[in-house]
Amino acid sequence: MDPKSLVDKILHSNKHIRFVAVCNMDGKIISSANNENVTNLLSQEETEKTLQRAVNSWKSRDELSDKTGKGEYVLAVYEKLKRITMPIDSKHLAYVTFERDGSNQDITDSISFWRPADAAHGLSYEETVAP
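Below is the structure:
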């Protein structure tokens with residue numbers, strides 16, 4: 164599945180979802196989309212910084228995965244929203260914000276449902292690299 168399709172499917176899978184991004188493990192956003200019925204709380208720059216911190220946290224967790232097992236997802240709860248970060252495959256991370264009244268389990272189920280079934284093959288797309 165290509166990243167744009169994945170983002171769109173996750174975004175439209177639950178009415179409580181505000182924003183979805185898929186990034187690589189360098190923190191670069193590959194694809195993202197907003198729920199058109201909500202106003203973003205963070206600027207593009209703030210979102211990119213938050214994603215970079217999330218990626219760095221996943222890399223740190225992965226260093227201990229032989230002892231703890233692979234991370235499944237991380238939930239952060241704020242006064243105005245909730246955020247889940249979840250690996251899509253070994254090279255990509257999903258970043259999903261949603262309303263506080265949204266069910267954590269429903270959102271994680273939605274992300275898991277739309278992830279590529281064979282994570283070894285991951286997402287299909289061609290990443291352009293600047294010269």
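Here the numbering used here is used: the first residue of the sequence shown is 164, the next is one more, and so on. Idealized CB from N, CA, C, for every residue including glycine.
>> I need the boundaries of the alpha helix (DSSP H) containing SER168, first residue and last residue.
In response: In the sequence shown, residue 168 corresponds to position 5, counting from 1. Counting along the chain, the alpha helix (DSSP H) containing SER168 begins and ends at 166 to 174.
> Between VAL183 and SER275, what straight-line distance do the alpha-carbon atoms span, to the nearest angstrom?
Replying inline: Here residue 183 is taken as the residue at index 20 of the sequence shown, counted from 1. Here residue 275 is taken as the residue at index 112 of the sequence shown, counted from 1. Going by the C-alpha atoms only, they are around 14 Å apart.
> Cβ atoms of GLN215 and GLY234: under 7 Å apart, would you say?
Replying inline: On the sequence shown, position 71 is the one that residue 234 refers to. On the sequence shown, position 52 is the one that residue 215 refers to. Not a contact, by the Cβ cut-off of 7 Å.
> Does DSSP put LYS254 in a helix, in a strand, or in coil?
Replying inline: Within the sequence shown, the letter at position 91 stands for residue 254. It is coil, neither helix nor strand.
>> Am I right that ASN177 and ILE270 are in contact with their C-beta atoms under 8 Å? What's the rounded C-beta distance?
In response: Indexing the sequence shown from 1 puts residue 177 at position 14. Indexing the sequence shown from 1 puts residue 270 at position 107. Confirmed, about 6 Å.
> In angstroms, rounded to a whole number, what distance separates the CA positions of HIS179 and GLU262?
Replying inline: Along the sequence shown, one-based indexing puts residue 179 at 16. Along the sequence shown, one-based indexing puts residue 262 at 99. C-alpha separation (whole angstroms): 5 Å.
> What number of angstroms, rounded off, separates the C-alpha of ALA217 from the C-alpha of ARG278?
Replying inline: Here residue 217 refers to the residue found at position 54 of the sequence shown. Here residue 278 refers to the residue found at position 115 of the sequence shown. Near 19 Å, if we compare the C-alpha coordinates of ARG278 and ALA217.
> By how many angstroms is the C-alpha of ASN187 removed from the C-alpha of GLN268?
Replying inline: What you label residue 268 is simply residue 105 of the sequence shown in a count that begins at 1. What you label residue 187 is simply residue 24 of the sequence shown in a count that begins at 1. Computed Cα separation, rounded: 24 Å.
> To the nearest angstrom, how far is it from the Cα of LEU227 to the Cα of SER253?
Replying inline: Taking the first residue of the sequence shown as 1, we reach residue 227 at position 64. Taking the first residue of the sequence shown as 1, we reach residue 253 at position 90. Approximately 15 Å between the Cα atoms of the pair.
> Which residues in the same chain as GLY265 place their Cβ atom closer than 6 Å to its Cβ, once the five residues preceding and following it in sequence are excluded?
Replying inline: Locating residue 265 in the sequence shown gives position 102, where the first residue counts as 1. Excluding sequence neighbours, GLY265 sits near HIS179.
> Roughly how many angstroms lie between the CA atoms of GLU211 and LYS230, to the nearest whole one?
Replying inline: Counting from 1 along the sequence shown, the entry for residue 211 is found at position 48. Counting from 1 along the sequence shown, the entry for residue 230 is found at position 67. Taking the straight line joining both Cα atoms gives about 30 Å.
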